[in-house]
Structures are given as structure tokens and as C-alpha cells.
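Structure first, then comments.
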Amino acid sequence: MSPVNDAYKKKGLISSEHRIKLCNLACQSSEYVMVDPWEASQNSYQRTLTVLSRVKTSLCDRGLLSKGACWHKSGTSRQDKAHKIRCASSMDKKRSNAFGKKGMGESLKVMLVCGSDLLQSFATPGVWIRDQVKILCRDFGLVCIRREGQDVEKIISDDGILNENRNNIKIVDEIVPNQISSTRVRDCISRGLSIKYLTADEVIEYIREQHLYLNP
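Per the numbering used here, the sequence shown starts with residue 1229, numbered consecutively.
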């Protein structure tokens, strides 16, 4: 998971510090989902291709993310160093659990996981740089989770770049459709509704402590 940079300027976007913390809390019980704060910690907006290229470059000789991938903004204080040690240790444990000894030597393919709504935006003029879309699809690949009511096959066939790289696009159909989204969770919070069971209790507690998402 790579939280977007603050410069993305999306309405209602809270600071990267809070979003990184929320992502880490949401993933702490997972044995294989990790959070990379590099994108969010940069001084300017980073395009998707830049982020994927950086992740690919950061792969170590065994095909696993380097410890540096989980570091926050650089610092020299004791607290910063302690945080890096804790983070690296946590990442090491997750890497070990996720890949195990058998898979340590196998190469990993960096791909973009997205919903079919984002896939459709690739064909929308002015949203993406077309040359970068081509590189994303050709050199990396996509894992697209189908949204209800969207014809993913048509989205792909109607766009030249997507159709040309259709073998590098993996479509995932949800066996049990799930309509929970971050947008709906934030909306519930701003309306004073409970989000119990919609996300991890640790996430709910942090949102409550920091008074986040209270304004619509």
C-alpha cells in the first residue's frame, strides 16, 4: 500500500502523517500486506509510474522489498532511529511470513492493483499521460478488481493501449461483492454514524482520538 502524496490535493485529504498511521494500523494484523510511505513522504506529487518504478528499483537481490521501503522522512533524532528499527523489524517479519523459505529465490512482479473505475480513467482524455499508461500496462501490468455494473472487458477492448496489453491485465471478480469503501466510511464518520465492523478497531480508535473526518 502506498498512500498518496499531500500534493494530490483531493478534497477532504488529510495529512500524510495520519494516513500512513491509519494504513499501518489497518495492516498490522496481516501477514503479507505492507505499507510504503515513500510516496506520501516526498515534497511533491508523485505519478503512479514513478512510484511503481521506485518499488521495482527497491527490490533486493532476493526479490523482496528492502528495509528502506518502510522508512518515514529521514531524521537523526533518537525517536526517528527507533521508529526505523521497529518498522524494519516489522517488515522483515511480514516478508518472511508472506514468502517463506521456498519462495525467497523466486522473482516478484510489481503490478498496480486497482478498481475498474480507475482502469476506465486510463481512457479519459487529460487524466493520464498516455505514454505512461503504455509503460504501466506493458512493463508492470494491472490487477483489476471488477466494480459491480462495469464491463471491464469492454473498457479494455475499447482502448488501444489496454487492448494491446490485455494479457498483462488480470481481472479479479469478487465472489462476495463488497460495497464498503473508504468514501462511505468517511461519510459515515462525518454524519456521526458508527463504523464498527467496517474497519479495524485500532483504526476507529485512532480516528476518534485525532478527531479525523468530522467535516463532510
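The beta-carbon is built from N, C-alpha and C at its ideal position, and this holds for glycine as well.
Predicted, not measured: the structure shown is a model, and the values here were computed from it.
Linking Phe1368 to His1439 through their CA atoms gives a straight-line distance of about 38 Å.
Under the criterion of beta carbons closer than 8 Å, Glu1402 and Arg1374 qualify as touching, at roughly 7 Å. For Cys1255, the enclosing alpha helix (DSSP H) covers residues Ser1244 to Cys1255. Secondary structure note for Cys1416: its alpha helix (DSSP H) is the uninterrupted segment Ser1410 to Ser1418.
The C-alpha of Leu1347 is placed about 10 Å away from the C-alpha of Val1341. Counted as a single uninterrupted DSSP element, the beta strand (DSSP E) harbouring Gly1343 occupies residues Leu1340 to Gly1343. The beta strand (DSSP E) runs lying completely inside the segment 1348–1410 and spanning 3 residues or more are 1370–1373 and 1397–1400, given in chain order. With fewer than three CB-CB distances shorter than 8 Å, the segment 1420–1427 does not count as touching the segment 1384–1404. Residue burial annotation: Pro1231 is buried, with at least 16 other C-beta atoms found within 10 angstroms of its C-beta. Bridge pairing for Thr1427: Lys1424 [DSSP]. Taking the CA atoms as reference points, Gln1274 sits about 29 Å from Ser1418.
In this structure, Asn1271 is the residue among Gln1256, Met1229 and Asn1271 with its C-alpha nearest to the C-alpha of Ala1235. For Lys1284, the enclosing alpha helix (DSSP H) begins and ends at Thr1276 to Thr1285. Under the three-state reduction of DSSP, Ser1269 is assigned to helix.
Spanning the alpha carbons of Cys1372 and Leu1336 requires a straight line of approximately 18 Å.
When C-beta atoms of the segment 1248–1259 are compared with those of the segment 1431–1438, three or more pairs fall below 8 Å, so the two segments count as touching. Remark: C-beta atoms of Arg1394 and Ile1384 approach each other more closely than 8 Å.
Taking a 10 Å sphere around the C-beta of Pro1405, we find fewer than 16 other C-beta atoms and assign the residue as exposed. Taking C-beta separations shorter than 7 Å and ignoring five residues to either side along the sequence, the partners of Val1413 in its chain run Ile1423, Leu1426 and Thr1427, following chain order.
If you draw a straight line from the Cα of Gly1240 to the Cα of Ser1281, it comes to about 28 Å.
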